[in-house]
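Q: The sequence shown runs 400 to 599 under the numbering used here.
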Amino acid sequence: RTLATPDLVFCFGGIGATPDDHTRQCAARAAGTALRRHSEAAALIERRYGEAAYPYRIRMADLPERARLIPNPVNQIAGFSLGDHHFVPGFPQMAWPMVEWVLETRYPTLGHSIKPVLRTLTIENVPESALIPVMEQLLAQYPGVKISSLPHMAARPWIELGLRGEPQLVGASWAALIRWLDQAGIDYTTGDVLEATGGG
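Encoded structure:
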């Protein structure tokens, strides 16, 4: 079923040469193709094992048609890909670098989340306690947004109020904050939209 979707799928184990290894056959059946001896995979196995590649180890080169190889830096016996489905050994020490290779070469932007932004405004001569209701409201409505309130003691005390998170969420929560301040008659000065750094 998943072969007909754009889902990214990893399958671990069952691609060896023993009778209990059925993954290659099942992948071919699911894809509606046959197993064919993959010349590059066969060459890797022969290079690794020489004459001992036959008659059994060479079976690991029998892959579904149109399969692409996934290099195995541990023992050079490749895994394979069918579209966005990727088949690697079940041994973690082999699977880990192979999965990393797939992610780095096939999906280089997959792990790159949307960069958070920070929007701030300053409010003068208003006690921080007066802003608690709107901060609680924003936290309840926009749980993905982090709110910061930094009071500054000076001749004219002021508060820097900040919203941090994904741009879309920050934009929505910012609009709600501005509406609340306007309705409350609280003056404010807005700052620039910045790319947020660090955690917390």
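Every residue, glycine too, gets a C-beta built ideally from N, C-alpha and C.
All of these numbers come straight from a predicted model, not from anything done at the bench.
Name the residue from Thr417, Ser548, Thr589, Arg423 whose alpha carbon lies nearest to the alpha carbon of glutamate 464.
A: Arg423
Q: Leaving aside the five residues before and after tryptophan 579 along the sequence, list all residues of the same chain whose C-beta is less than 6 Å from its C-beta, in chain order.
A: Val533
Q: Checking 8 Å against the spacing of the C-beta atoms, do threonine 521 and isoleucine 577 come in under that value?
A: Contact flag unset, no.
Q: Under a Cβ-count criterion, where at least 16 other Cβ atoms within 10 Å of its own Cβ denotes burial, should proline 515 be classed as buried or exposed?
A: buried
Q: If you draw a straight line from the C-alpha of proline 550 to the C-alpha of asparagine 524, how long is it?
A: 10 Å
Q: Is it right to say serine 548 is buried, meaning 16 or more other beta carbons lie within 10 angstroms of its own, or is it exposed?
A: exposed
Q: DSSP on proline 550, reduced to helix/strand/coil?
A: Here DSSP, grouped into helix, strand and coil, assigns proline 550 to strand.
Q: If you follow the alpha helix (DSSP H) that aspartate 581 is part of, which residue opens it and which one closes it?
A: 566 to 583
Q: If you count every other CB in all the chains shown that lies within 10 Å of the CB of tryptophan 573, and 16 or more means buried, which is it?
A: buried
Q: Check whether the stretch 401 to 419 and the stretch 452 to 462 touch, using three or more Cβ-Cβ pairs below 8 Å as the test.
A: These segments touch.
Q: Starting from isoleucine 522, trace the alpha helix (DSSP H) both ways and give me its first and last residue.
A: Where isoleucine 522 is concerned, there is no enclosing alpha helix (DSSP H), although the beta strand (DSSP E) it sits in stretches over 516 to 523.
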